[in-house]
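If you read the first sequence in the working numbering, its first letter stands for residue 5, the second for the next number, and so on.
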Amino acid sequence: MIRRTHTCGECRETHAGQTVSLNGWVNRYRDHGNLIFIDLRDRFGMTQLVFDREQKGGSQALLDAADKLRNEDVIAVTGVVRLRASDPNPKLATGKVEVVVTELEVLGKTQNPPFLPDDTAKLPNEELRLKFRYMDLRRPRMQQILALRHKVYQTTRRYFDENGFLEIETPILYKSTPEGAREFIVPSRNVPGHWYALPQSPQLFKQILMVAGCDRYMQICRCFRDEDPRADRQAEFTQVDLEMSFVRREHVMDMMEGYVRRLWKDVAGVDVPPIQKMTYREAMERFGIDRPDTRYGLEIRDISDVAAKMELGFFKEALAKGADRPKFNSKRGVVKAIRVPGGGGAEKLTRKLTDGYNEFVRSFGAGGCAVVKLNAQGMFETGIAKFVEPVKTELTAALGLQPGDTVLFVADAYAVCTKALGELRQKVARDIGVVPKPGAEGGPWNFLIVIDFPMFERDKETNRWVAMHHPFTAPRDDQAEAFVKADVDDEVTIESIVSAGYDIVLNGQEIAGGSIRIHDPAVQGKVFQLLGMTPEQAKEKFSFLLEALSYGAPPHGGIAFGLDRLVMNFAGTENIRDVMAFPKTQIGADLMTGAPGFVTPDQLAEVHLKSTWTPPPASPGGG
RNA sequence: GGGGCGGUAGCUCAAUUGGUUAGAGUACCGGACUGUCGAUCCGGUGGUUGCGGGUUCGAGUCCCGUCCGCCUCGCCA
5 MIRRTHTCGE CRETHAGQTV SLNGWVNRYR DHGNLIFIDL RDRFGMTQLV FDREQKGGSQ
65 ALLDAADKLR NEDVIAVTGV VRLRASDPNP KLATGKVEVV VTELEVLGKT QNPPFLPDDT
125 AKLPNEELRL KFRYMDLRRP RMQQILALRH KVYQTTRRYF DENGFLEIET PILYKSTPEG
185 AREFIVPSRN VPGHWYALPQ SPQLFKQILM VAGCDRYMQI CRCFRDEDPR ADRQAEFTQV
245 DLEMSFVRRE HVMDMMEGYV RRLWKDVAGV DVPPIQKMTY REAMERFGID RPDTRYGLEI
305 RDISDVAAKM ELGFFKEALA KGADRPKFNS KRGVVKAIRV PGGGGAEKLT RKLTDGYNEF
365 VRSFGAGGCA VVKLNAQGMF ETGIAKFVEP VKTELTAALG LQPGDTVLFV ADAYAVCTKA
425 LGELRQKVAR DIGVVPKPGA EGGPWNFLIV IDFPMFERDK ETNRWVAMHH PFTAPRDDQA
485 EAFVKADVDD EVTIESIVSA GYDIVLNGQE IAGGSIRIHD PAVQGKVFQL LGMTPEQAKE
545 KFSFLLEALS YGAPPHGGIA FGLDRLVMNF AGTENIRDVM AFPKTQIGAD LMTGAPGFVT
605 PDQLAEVHLK STWTPPPASP GGG
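Have a look at this one:
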């Protein structure tokens, strides 16, 4: 085999006159009969080859061989680098030179490919790209993303190594802990009737590594959650997972901020300014969501005081809900509004759109969305105009209204109202086109650290308390005492307890989340109790953790970054599959390998299983 | 589990209110051509319109079911 002396992205004017060998794929051939051009591609670039009978080293045999080459054949060539003085190709980095081939070796002939790995052509449908993943990955764009991802790995390892972290692997076959996300389970062969689960995250192992004295741990690890995917979510994904001993939350936040800075500097060449912190309360109040997109305004205002003076039935009804509860209690009724400024998008809010908003907020459990417009003459129009008119002065002051503005109202219990408007805010922003381009395309990188999350929230279905982050999250230092003393039935107090958790948000997307952990077995026991676990159940599920914590556990905390989402940001894609070499579809299928597939009855028997699934009645054909 | 969009040649797409033999570009095959770089020119192969059923004189088109892909709600401690 002719082995390459250079890559296809390497040759420049300085190589002129040199004899080189190249390996690669035929990206394109231009056959002029007695003169043939080939663009040869590898992951480093593209170089034009020339086959010319009348050049030194050329021959009819060489031409005949080149004549048979087709797109995506794998070849090796030797030839002389020549300047393209009169007709350089400005589209190629190597466009000022070409290689005049004297020797050709076909290393791998292709059958007619289902599609060509061409970034300039329209992409074939994703089903096909996933089935022939190796063909899709040949595209320079995909190679670039794979390289970006590699760079993220390397920068990550370097940064944490420099900061004293040990990279330690944790088990993939793990114990089932059926809280949280649905788990993938794996039957045990040696212990009949028993099961492993694949980890949703290495959470407990990394805590135990802290108890083990490892001081600082990091891992780029695979996590598994058997839940339906989304554009930015897969059942199998990668986290940059870390944990630190002898820290308060400020120390972890500093470390993760340093990581973000280093990553953006090394991978994107961007200097990230100091990251602002915002409390969960403020995020919910201003943006209606715990991961605010701060790239645009359209902030939410609580106008309950003004609304109380309006003779509007559904405002009054909403405000009457939980009126005895504290101000930010989830069940207390409120009226909130978004002002869409005139000249800043309000004119794009057609009747059709605002009618749709009514339906939209209903999907989040709110009763509806009221609308009013302030016309150029400063008169309220449409929707609830006649109810607003009497409180015009107060509402104008509360929202800073200007002629031309449109106001969107939602009235409901605090949690519902906030959620509905938070989602509506993002939809309105998209509808009126005020969302900037992604950072990777030159838009802003708006980072935010959100802190002071509630420890617990009510599960909508069971009405039981669930941990907002996870059950190992500590209360904020100054909340610990109140938490331990709190009666488990004291709903208002429990809801008000704030944790030592923190999230990093980038342009409205959660890219990392973590917390200081509980290292006191008594506090941990209290959490389990609150979550409705008896001491026996807690022991059954987490005795190893409680035991570990009782043998001298250092204060510790950590965080996990969603690595796939980091790469998505650098690559400027909204599709998580684009940043994974071998992603799965909506039903968790790998279209290339055909997973999931059948196993033999013997394989099942070996792990003490019998499938209850029966094939549906045979239907000829299929899709 | 719910909602939405899509599936026509290897690929990207077209096909009037349901109406003749389902077309085009590209890829592929054959031929011509010594400076192309989306090469060009000439000719050709290629289709169970995802699958199954129904309505109709007639279905790519309408209806029902189903499979697959994508988006989304639920879900994602």
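Each residue gets a CB set at the ideal place from its N, CA and C atoms; glycine is no exception.
- If you look at Ala417, you'll find it in the beta strand (DSSP E) that goes Thr410 to Ala417.
- Considered as a whole, the stretch 257-289 harbours 280-283 as its complete beta strand (DSSP E) runs of no fewer than 3 residues, in chain order.
- Around the beta carbon of Pro587, a 10 Å sphere encloses 16 or more other beta carbons of the protein chains shown; the residue is thus reported as buried.
- Excluding its 5 nearest sequence neighbours in each direction, Ser308 has C-beta neighbours in its own chain below 7 Å: Leu323, Val338 and Val339, listed in chain order.
- If you keep only unbroken beta strand (DSSP E) runs of at least 3 residues inside the stretch 16-68, you get 23-35, 39-46 and 49-56.
- Non-local beta-carbon contacts of Glu514 in its own chain, meaning distances under 7 Å to residues more than five positions away in sequence, involve Arg295 and Asp507 in chain order.
- For the pair Ile6 and Glu109, the CB atoms are nearer than the 8 Å cut-off.
- By the criterion of at least three beta-carbon pairs nearer than 8 Å, the stretch 347-362 is in contact with the stretch 435-442.
- Considered as a whole, the stretch 123-201 harbours 189-191 and 199-201 as its complete beta strand (DSSP E) runs of no fewer than 3 residues, in chain order.
- Taking C-beta atoms under 8 Å as the contact rule, Glu247 and Gly505 fail to qualify, at a distance of about 14 Å.
- Taking 8 Å as the cut-off, the beta carbon of Asn573 is found no closer than this to the beta carbon of Ala235.
- Cβ contact annotation for Asp568 (same chain, cutoff 7 Å, sequence separation greater than five): Phe241, Thr242, Ile580, Val583 and Met584, in chain order.
- Apart from sequence neighbours up to five positions away, the residues of its chain that approach Thr159 with a beta-carbon distance below 8 Å are Arg266, Leu267, Asp270 and Val271, ordered along the chain.
- DSSP places Tyr300 in the coil class of the three-state scheme, outside both helix and strand.
- Taking 8 Å as the cut-off, the Cβ atoms of Thr422 and Gly326 do not count as close.
- Per DSSP, Met5 lies in no beta strand (DSSP E) and is assigned neither H nor E.
- In the displayed model, Met537 falls within coil according to three-state DSSP, outside both helix and strand.
- In this structure, the alpha-carbon of Leu202 lies about 16 Å from that of Pro600.
- Put simply, of Leu425, Glu499, Arg253 and Phe565 the residue whose alpha carbon is nearest the alpha carbon of Val411 is Leu425.
- As for any beta strand (DSSP E) of minimum length 3 sitting wholly inside the stretch 455-480, the runs are 460-462 and 469-471, ordered along the chain.
- Here Val454 is not near Val488, since their CB atoms are 8 Å or more apart.
- Residue environment: Leu66 is assigned as buried (16 or more neighbouring CB atoms within 10 Å of its CB, all protein chains considered).
- Distance between Phe169 and Tyr263, taken at the CA atoms: about 12 Å.
- Between the stretch 143-150 and the stretch 190-200, the count of C-beta pairs closer than 8 Å stays below three; the two stretches do not touch.
- When the Cα atoms are used, Leu134 and Pro117 turn out to be separated by approximately 14 Å.
- For Leu132, the closest of Glu610, Leu595, Glu289 and Ser615 by C-alpha to C-alpha distance is Leu595.
- At a cut-off of 3 residues, not a single continuous stretch assigned as beta strand (DSSP E) sits fully inside the stretch 423-448.
- Counted as a single uninterrupted DSSP element, the stretch harbouring Glu321 is not any beta strand (DSSP E) but the alpha helix (DSSP H) occupying residues Gly317 to Ala324.
- Per DSSP, Ala80 is one residue of the beta strand (DSSP E) stretching across Val78 to Leu87.
- Residue range Glu495 to Ser500 is occupied by the alpha helix (DSSP H) that includes Ser500, with no beta strand (DSSP E) assigned at that position.
- Where Phe228 is concerned, the enclosing beta strand (DSSP E) starts and stops at Arg220 to Phe228.
- In the DSSP assignment, Ile212 falls within the alpha helix (DSSP H) that extends over Gln207 to Val215.
- Using a Cβ distance threshold of 8 Å, Lys545 and Thr174 do not count as a contacting pair.
- Annotation for Met572: the continuous alpha helix (DSSP H) segment containing it runs Leu567 to Ala575.
- Under the three-state reduction of DSSP, Thr242 is assigned to strand.
- DSSP, read as helix, strand or coil, puts Gly360 in helix.
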